[in-house]
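Numbering (full-length UniProt numbering), first residue to last: 1 to 167. Cβ coordinates follow ideal geometry from the N, Cα and C atoms, glycine included. Below is one structure; the comments refer to it alone.
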């Protein structure tokens with residue numbers, strides 16, 4: 001008899017929990033390449049295009065422990081927008097910015113996150129700066145849990161059957 005009431009209580013408590021819906025805290029994915037051995041950030045061409053001359057900020061965070069800002073830059077009226085590999089904004093090397101903090105040295109094998117933001121749009125990328133066996137830097141993906149992977153950041157992955165089906 002007690003088992004029946006225990007099962008009923010457990011079932012009731014499970015189904016009475018509030019259902020929470022979460023959305024991504026950003027609108028799109030950003031991207032990065034290496035230029036002169038530092039990450040250079042831009043918005044992927046397949047995402048929302050930035051209108052010209054809109055204010056843009058980039059904030060980079062260390063996400064390998066307590067999240068801390070390691071670099072930030074703000075362009076009130078940029079002459080170019082970071083929308084291609086040619087117009088990307090390099091870490092700690094931004095020019096013509098209205099405001100810029102001095103970037104902390106990025107550590108190898110440590111996860112970072114970068115946000116490119118305008119007044120109504122945020123694009124994000126999580127990445128790690130790694131070294132090859134010959135000491136050449138390269139960017140990798142994170143595993144979503146604050147750790148680095150060895151998968152190159154810009155590696156092309158073949159779509160799965162289900163991804164192609166629901167495109």
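Residue 30 has 43 as its beta-bridge partners, per DSSP.
Using a Cβ-Cβ distance cut-off of 8 Å, the segment 98 to 114 and the segment 62 to 72 are in contact, since at least three pairs of beta carbons, one from each stretch, lie closer than that value. Residues 73 and 94 of the same chain have their beta carbon placed closer than 6 Å to that of residue 100, with the five preceding and five following residues left out of the count. Take residue 67, set aside five residues on each side of it, and the residues of its chain with a beta-carbon closer than 7 Å to its own are 61, in chain order. In the structure shown, residue 78 falls within a coil segment according to DSSP collapsed to helix, strand and coil. Using a Cβ distance threshold of 7 Å, residue 30 and residue 125 count as a contacting pair.
With a beta-carbon spacing of about 6 Å, residue 32 and residue 139 fall inside the 8 Å limit used to define contacts. The C-alpha of residue 128 is placed about 8 Å away from the C-alpha of residue 153. Under the three-state reduction of DSSP output, residue 62 falls in the strand class.
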